[in-house]
Structures are given as C-alpha cells and as structure tokens.
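**Student:**
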Amino acid sequence: MRRLEFLNDLIFDMVDEDPGKRPAMTEVFERFTQIESKLSWWKLRTRPVYRTETSSKITFWRDIKHVIWTMGLILRRIPAVPPRQ
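The number in the numbering used here is simply the position in the sequence shown, starting from 1, with 22 added.
1. Could you tell me which of 67, 74, 84 sits nearest to residue 93, measuring between CA atoms?
2. Please name the residue or residues paired with residue 71 in a DSSP beta bridge.
3. Note down, one range per segment and in chain order, each beta strand (DSSP E) of at least 3 residues found wholly within the region 27 to 59.
4. Hey, how far is the Cα of residue 98 from the Cα of residue 40?
5. Indicate the three-state DSSP secondary structure (helix, strand or coil) for residue 89 in the structure shown.
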C-alpha cells in the first residue's frame, strides 16, 4: 500500500527469510510505538491507497470522501489512535 512507507523497515525485518533474524514481538511493539510517536496527527489519519488503485479519478474521489470523514472524526474529537490501556 502506498502512504504507509514509514512501516517498510519494520515489515522487511518481520518477513526476513531467516526466522532467527526476525524481531521478537516485544521488539516489534517497541519499534512500532517509536514510529507511531514520530508521526503527525494528520499522517495517522492518512488514507492508505491500494496498489491496484490506478485511476486518478477513483483515488481523487476516495480522498475527498476520506477528508470529509476525517473532518467529522476531528470535530467529534475522536483520536486517530485509540488510547492504550
């Protein structure tokens, strides 16, 4: 998916051919938390774009719909990422 490039390094490490080189889940959680903390509030609400989404018209209208939906969430003060318990 496009617009999720910030996860590439973590994903590549998680799918390494050598299982011994793959990170443990605690390390994955820590790395993901670090990545998430560096992202802006807008980036956390960005709509992922599927690779099969090739038509710019479709992408445009889906982006418009997403912006409207996101504004509703922001106005209702719903966080992009639910708080951890």
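Just so you know, even glycine gets a beta-carbon here, dropped at the ideal spot from N, CA and C.
**Tutor:** The answer reads as follows:
1. In the sequence shown, counting from the first residue as 1, residue 93 sits at position 71. Among 67, 74, 84, the Cα nearest to that of residue 93 is on 67.
2. Within the sequence shown, the letter at position 49 stands for residue 71. Residue 71 is bridged to 24.
3. Listed in chain order, there is nothing to give.
4. In the sequence shown, residue 98 corresponds to position 76, counting from 1. In the sequence shown, residue 40 corresponds to position 18, counting from 1. One C-alpha to the other measures close to 46 Å.
5. On the sequence shown, position 67 is the one that residue 89 refers to. Note: residue 89 maps to helix in three-state DSSP.
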